[in-house]
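Undergrad:
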Amino acid sequence: MQLFPLKATGAQVRRRGKVLVGPVDLTLGGQGTSIIIGPNGAGKTTLLKMLHGIVRMNGGRLDWACPLEEAQKHQAFVFQTPVMMRRSVIDNIAYPLRLTGSSRRQARSRAADWASRVGLGEILERQATMLSGGERQKLALARALVRDPQVLFLDEPCAALDGRATREIEEILAQAAGSGTRLIMSTHNMGQARRLADEVIFVLQGRIHEFRPAAEFFAGPETAQARAFLNGDIVE
Amino acid sequence: MNDLWAGLSQAFWLLVTLDADLVEITLRSLRVTLTALVVACAIALPLAAFLAVRRFRMRRATIAVLNALMGLPPVVVGLVVYVFLSRAGPFGVFGLLFTPTAMIIAQVIIVVPLVASVAHQSLRELWSDYHDLLISMNATQFQRIQALLWDGRRALLTAALAGFGRAIGEVGAIMVVGGNIDHATRVLTTAIALETGKGEFAMALGLGFVLIALAIAVNLAIHWLGRTESEGRW
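Sequence lines, in order, name chains A and B.
Going by our numbering, the first sequence opens with residue 38, and the numbers climb by one from there.
Going by our numbering, the second sequence opens with residue 221, and the numbers climb by one from there.
#1: Just verifying my parser: in three-state terms, what is the DSSP assignment at residue 235 of chain A?
#2: What residue range does the alpha helix (DSSP H) around residue 127 of chain A cover?
#3: Run through DSSP, which three-state label would residue 63 of chain A get?
#4: For residue 403 of chain B, is the classification buried or exposed, using 16 other Cβ atoms within 10 angstroms of its Cβ as the cut-off for buried?
#5: What does a CB cutoff of less than 6 Å around residue 289 of chain B pick up in its chain, not counting 5 residues either side in sequence?
#6: If you check the beta carbons only, do residue 375 of chain B and residue 354 of chain B fall under 8 Å apart?
#7: Could you confirm whether any beta carbon from chain B is found closer than 8 Å to the beta carbon of residue 248 of chain A?
#8: Tell me, please, which residues DSSP counts as bridged to residue 100 of chain A.
#9: As a quick exercise: from B:272, B:439 and B:249, pick the residue whose alpha carbon is nearest that of residue 345 of chain B.
#10: Whole angstroms is fine: what's the gap from residue 453 of chain B's alpha carbon to residue 74 of chain A's?
#11: Under the assumption that residue 40 of chain A contacts residue 187 of chain A (Cβ atoms under 8 Å), give the Cβ distance between them as a whole number of angstroms.
#12: Which of the residues in the region 333-363 of chain B, read from start to end, lie with their CB under 7 Å from any CB of chain A?
#13: Express the C-alpha separation of residue 244 of chain A and residue 259 of chain A in angstroms, rounding to a whole number.
#14: The region 169-188 of chain A: which residues have C-beta closer than 8 Å to a C-beta of chain B, in chain order?
#15: Could you please tell me which residues of the region 116-143 of chain A, in chain order, have their CB closer than 8 Å to any CB of chain B?
#16: Around the C-beta of residue 444 of chain B, are 16 or more other C-beta atoms found within 10 angstroms, so that it is buried, or is it exposed?
#17: In chain order, what are the residue ranges of uninterrupted beta strand (DSSP E) at least 3 long that sit wholly in the region 281-317 of chain B?
#18: Name the residue from B:340, B:255, B:364 and B:306 whose alpha carbon lies nearest to the alpha carbon of residue 282 of chain B.
#19: Relative to chain A, which residues along the region 371-394 of chain B have a C-beta separation below 7 Å, given in chain order?
#20: Is it buried or exposed for residue 440 of chain B, if we count other Cβ within 10 angstroms and need 16 for buried?
#21: Applying the criterion that 16 or more other CB atoms from any shown protein chain within 10 Å of the CB defines a buried residue, is residue 193 of chain A buried or exposed?
#22: Quick one: using the 10 Å Cβ neighbour count with 16 as the cut-off for buried, is residue 237 of chain B buried or exposed?
#23: Specify the secondary structure class of residue 438 of chain B as computed by DSSP and reduced to three states.
#24: Please list the partners that residue 91 of chain A has in chain B, where partner means a Cβ-to-Cβ separation under 7 Å.
#25: Along the chain, where does the alpha helix (DSSP H) that runs through residue 112 of chain A open and close?
#26: With a CB to CB cut of under 7 Å and the five nearest residues on each side skipped, what residues in its chain are close to residue 58 of chain A?
#27: I'd like to know if residue 114 of chain A contacts chain B, where contact means its C-beta is closer than 8 Å to some C-beta of that chain.
#28: Between the C-alpha atoms of residue 240 of chain A and residue 254 of chain A, what's the straight-line distance to the nearest angstrom?
#29: Show which residues of chain B have a CB atom less than 9 Å away from the CB atom of residue 110 of chain A.
#30: Below 8 Å on the Cβ atoms is my contact criterion, and I expect residue 190 of chain A with residue 221 of chain A to pass it. Report the Cβ-Cβ distance as a whole number of Å.
#31: List the endpoints of the continuous beta strand (DSSP E) containing residue 192 of chain A.
#32: Can you name the start and end residues of the alpha helix (DSSP H) that residue 244 of chain B belongs to?
#33: Thinking just about the alpha-carbon of each residue, which of B:270, B:299 and B:422 is nearest to the one in residue 391 of chain B?
#34: Tell me which residue opens and which closes the alpha helix (DSSP H) that residue 320 of chain B is part of.
#35: Given this structure, state the Cα-to-Cα distance separating residue 451 of chain B from residue 250 of chain B, to the nearest angstrom.
#36: Can you give the Cα-Cα distance for residue 224 of chain A and residue 171 of chain A, rounded to whole angstroms?
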């Protein structure tokens, strides 16, 4: 199933009369990793959720290369604060497969495989809400990747993690990207953005100020706001 | 005070000697209440999950009505059920009046709003946690309800226990629709009312203590079976 290009045309999200994001005009190709950066409150999370389709748009269009219902089946989302279902680690990871009709046995077998890949193989039966922050994020990643999504949205997946946990998450993401999963991710961590990004989307006040290949963006941002942001200045 | 001690000793002897009437009444109480509870939960829990998940025009009003119905006067429920089940009523042909089935129907009507309201409170919080995740995973409405009911099962146990507490202690409605007929529809609460009316306070208190012990025992058994307090479980 060909999902990309994903084309946003005048896409906008408003709440209580305030524009949170947009209008956004953007075309995303099917390759690489797109990193969304910007200051707090710039609209990164809303933009991600809008592209994923879990935030209702108030204007504009969002067109995948295939019908929306099909596109939705091949996407996954990892939230900044991972939502732990009140189940064991293995049942959390198996849940998306159960939703699509896999038998319990098949789903748990595949979930166990993914748990091992992300380093949770030793704690399969532990209750998910008992996990540490890093383990929760790994579980959320495994749960997102278990259905082999073509595109994975990630909202600051390493925001509350230490260096070691961040590295482990980045390794999992690199493997996913290597196996063809399209990553669209927001982050505050410029080091992480430099390590992972193929292209950068710089967002400010709900609008996309720059959308360029990562090498070009980090070598010399076009806008004064992006330059200031990269220099660590306060940008509003 | 003498009545209280006499009641305690009466309860003790009733239990120790396994009084045949007491056993019969107690088993009937349990059968009626647990059947009503199972039926009520089968209606109320999916309803609570549906109200948590689904947005529709009259949702707030429906929840408000459900909460208001928690205070349904049992005797009025009994009266309405009586009218429906009496010979002249629309369901008179089934001959259910003054049977345990009629008592179960009345208890279901009383318990459903309570279980649904308490369950809805818990499931609403769980849904606020799960909302984005389940939508992101493309879960259908039915799958969302299933997930809430399964993952919220420990909290739902509390709702069910609240329903059990209300049903086991109910007297007004089942007195009206059951008739308190010996060996047919007499249960602990109606027997207590009868003994009190006869001035047999010791016997009434004895039955009362048995009723309290029964309620506590069932609660503890359900907690134990559900492992509500186990570490790392829900």
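Note that CB positions come from ideal geometry on N, CA and C, so glycine has one too.
TA: Considering the structure as presented:
#1: In this structure, DSSP gives residue 235 of chain A a state outside helix and strand, which the three-state scheme calls coil.
#2: Segment 126-136, the alpha helix (DSSP H) holding residue 127 of chain A.
#3: In the three-state reduction of the DSSP assignment, residue 63 of chain A falls in the strand class.
#4: By the neighbour-count definition (other C-beta atoms within 10 Å, threshold 16), residue 403 of chain B is an exposed residue.
#5: Around residue 289 of chain B: 333.
#6: Cβ atoms of residue 375 of chain B and residue 354 of chain B: not closer than 8 Å.
#7: Interface annotation, residue 248 of chain A: not in contact with chain B, CB-CB separation never under 8 Å.
#8: A:44.
#9: Residue 345 of chain B has its Cα closest to that of B:272, out of B:272, B:439 and B:249.
#10: Annotation note: pLDDT 48 at residue 453 of chain B (below 50); position unreliable, coordinate value reported separately. Those two C-alpha atoms are separated by around 38 Å.
#11: Here residue 40 of chain A really is in contact with residue 187 of chain A; their C-beta atoms are around 5 Å apart, less than 8 Å.
#12: Taking 7 Å as the Cβ-Cβ cut-off against chain A, the residues of the region 333-363 of chain B that qualify are 349, 350, 352, 353, 355, 356, 357, 358, 359 and 363.
#13: The straight-line gap from Cα to Cα measures roughly 15 Å.
#14: Residues of the region 169-188 of chain A with a C-beta atom less than 8 Å from some C-beta of chain B do not occur.
#15: Those would be 116, 120, 122, 123, 124, 132, 133 and 136, in chain order.
#16: Exposed: under 16 other Cβ atoms inside 10 Å.
#17: Every candidate beta strand (DSSP E) stretch fails here, since none sits fully inside the region 281-317 of chain B while reaching 3 residues.
#18: The option with the nearest alpha carbon to residue 282 of chain B is B:340.
#19: Correct list: 371.
#20: With fewer than 16 Cβ atoms within 10 Å of its Cβ, residue 440 of chain B is classed as exposed.
#21: By the 10 Å Cβ count, residue 193 of chain A comes out buried.
#22: It is exposed - the Cβ of residue 237 of chain B has fewer than 16 other Cβ atoms within 10 Å.
#23: Three-state result, residue 438 of chain B: helix.
#24: Correct list: 352, 355 and 356.
#25: Unbroken run through residue 112 of chain A is the beta strand (DSSP E), 112-115; no alpha helix (DSSP H).
#26: The beta carbon of residue 58 of chain A sits closer than 7 Å to those of 49, 50, 80, 83, 84, 87 and 243, all from its chain and outside the five residues before and after it, given in chain order.
#27: Chain B contact via Cβ: present.
#28: Near 13 Å, if we compare the C-alpha coordinates of residue 254 of chain A and residue 240 of chain A.
#29: Ordered by position in chain B, the residues that pass the 9 Å Cβ test against residue 110 of chain A are 358.
#30: Their Cβ separation, rounded to whole angstroms, is 5 Å, which keeps residue 190 of chain A and residue 221 of chain A in contact under 8 Å.
#31: Residues 188-192.
#32: Here the alpha helix (DSSP H) through residue 244 of chain B covers 240-273.
#33: Nearest C-alpha to residue 391 of chain B: B:299.
#34: Taken as a continuous stretch (DSSP letters only), the alpha helix (DSSP H) holding residue 320 of chain B covers 320-356.
#35: Confidence at residue 451 of chain B is low in this model, with a pLDDT of 48, below 50, so the placement of that residue should be treated as unreliable; the coordinate-derived value is given next. Residue 451 of chain B and residue 250 of chain B: Cα-Cα distance of roughly 30 Å.
#36: Each residue's alpha carbon lies about 16 Å from the other.
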